[in-house]
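Okay, structure first, notes after.
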Amino acid sequence: PAAAERITQTVEITKHVVDIEEKGVKLRLTIVDTPGFGDAVNNTECWKPVADYIDQQFEQYFRDESGLNRKNIQDNRVHCCIYFISPFGHGLRPLDVEFMRALHQRVNIVPVLAKADTLTPTEVERMKNKIREEIDHYGIRIYQFPECDSDEDEEFKLQDQALKESIPFAVIGSNTVVEAKGRRIRGRLYPWGIVEVENPSHCDFVKLRTMLVRTHMQDLKDVTRETHYENYR
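Written out as structure tokens, the structure is:
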């Protein structure tokens with residue numbers, strides 16, 4: 001954007017609703033995007049529209065809950081905030097710290113390292129460690145994975161441990177499908193090869209997806225109801 005546009009850049013709130021099916025269970029997933037976040041020259045309190053949106057959903061749910069037609073309440077509360085961290089800095093920017101601290105009592109924050117294909121595997125690990133240290137240092141409360149029950153099978157426990165150790169998830173995005181060894185895959189084509197979005201040895205996208213729609217979806221909803229919504233009320 002031109003300089004004048006960047007000074008007045010505002011944060012938009014856009015919603016996308018998708019229906020997905022997971023092992024026969026239908027799920028309506030609402031993704032709320034915030035284009036423009038952090039893009040202005042002056043980003044003072046640019047997290048406020050996001051905080052206001054979360055609060056508005058709590059307020060609407062509270063009103064519906066207090067109304068007469070309580071059976072058919074639509075739950076539009078925000079159960080998870082995927083917060084993208086730039087790979088081009090040295091850890092968290094002041095804006096990242098300000099945003100997460102402003103929102104960590106309102107929503108489950110899952111930090112994600114964006115554009116991980118711009119870093120080498122060693123750099124990714126170094127960056128993850130730095131981000132984890134800074135989250136700790138600044139007292140940011142990100143989403144905490146619950147402890148596994150003792151009767152869970154070993155495979156689930158190992159998977160759960162792998163998810164915990166992956167925070168912040170290093171992800172790669174792509175809007176294109178490319179051909180690789182006779183397979184059509186979502187990825188990015190570079191002169192030196194192809195980066196596959198859904199290849200666990202290339203990035204953590206599959207782990208993030210598994211966590212959000214398979215293993216921890218119910219817990220994200222429970223923590224929202226029992227902690228964040230109660231804080232709001």
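Here the sequence shown is numbered in full-length UniProt numbering, starting from 1 and rising by one per residue. Glycine included, every Cβ here is placed at the ideal spot set by N, Cα and C. All values reported here derive from a predicted model rather than from experimental measurement.
Simplified DSSP state of V97, which is helix, strand or coil:
Residue state for V97 is assigned as helix, using DSSP reduced to three classes.
With 16 other Cβ atoms within 10 Å as the buried cut-off, status of residue 236
Residue numbering for the chain in the displayed model covers 1 to 233; residue 236 lies beyond these limits and cannot be assessed.
Within 10 angstroms of the Cβ of W47, are there 16 or more other Cβ atoms? Answer buried if so, exposed if not.
Buried, since its Cβ has 16 or more Cβ neighbours within 10 Å.
Runs of beta strand (DSSP E) wholly within the stretch 156 to 230 (minimum 3 residues, chain order)
Within the stretch 156 to 230, the complete beta strand (DSSP E) runs of at least 3 residues are 177 to 180, 183 to 190, 193 to 196.
Where R70 falls: helix, strand or coil (DSSP)
Annotated three-state conformation of R70 is coil, per DSSP.
Which whole-angstrom value describes the C-beta separation of A162 and C203, a residue pair presumed to lie in contact below a C-beta threshold of 8 Å?
Not a contact, Cβ separation roughly 14 Å.
Boundaries (first-last residue) of the alpha helix (DSSP H) holding D136
In the DSSP annotation of this structure, the continuous segment of the alpha helix (DSSP H) that includes D136 starts and ends at 121 to 137.
Residue from V50, P200, N231 whose Cα sits closest to the Cα of I82
Residue V50 holds the alpha-carbon nearest to the alpha-carbon of I82 among V50, P200, N231.
Given this structure, state the Cα-to-Cα distance separating F88 from K26, to the nearest angstrom.
Approximately 38 Å between the Cα atoms of the pair.
Going straight from the alpha carbon of A102 to that of V78, what length do you get?
Taking C-alpha positions only, A102 is separated from V78 by approximately 15 Å.
Across the stretch 129 to 140 and the stretch 172 to 191, are there enough close Cβ pairs to call them in contact, namely three or more that are closer than 8 Å?
Contact between the stretch 129 to 140 and the stretch 172 to 191 is not established, with fewer than three Cβ pairs separated by less than 8 Å.
Give me the Cα-Cα distance between I185 and E196, rounded to the nearest whole angstrom.
Their backbone Cα atoms lie some 7 Å apart in a straight line.
Distance check for E134 and G91, CA to CA, integer angstroms please.
Distance between the alpha carbons of G91 and E134: 7 Å.
Using a Cβ-based criterion (distance less than 8 Å to any ligand heavy atom), does L189 qualify as near the ligand GDP?
In the structure shown, the ligand GDP is absent, as is every other ligand, since no ligand is present at all.
In three-state terms, what does DSSP make of K15?
Look at K15 here: in three-state DSSP terms it is strand.
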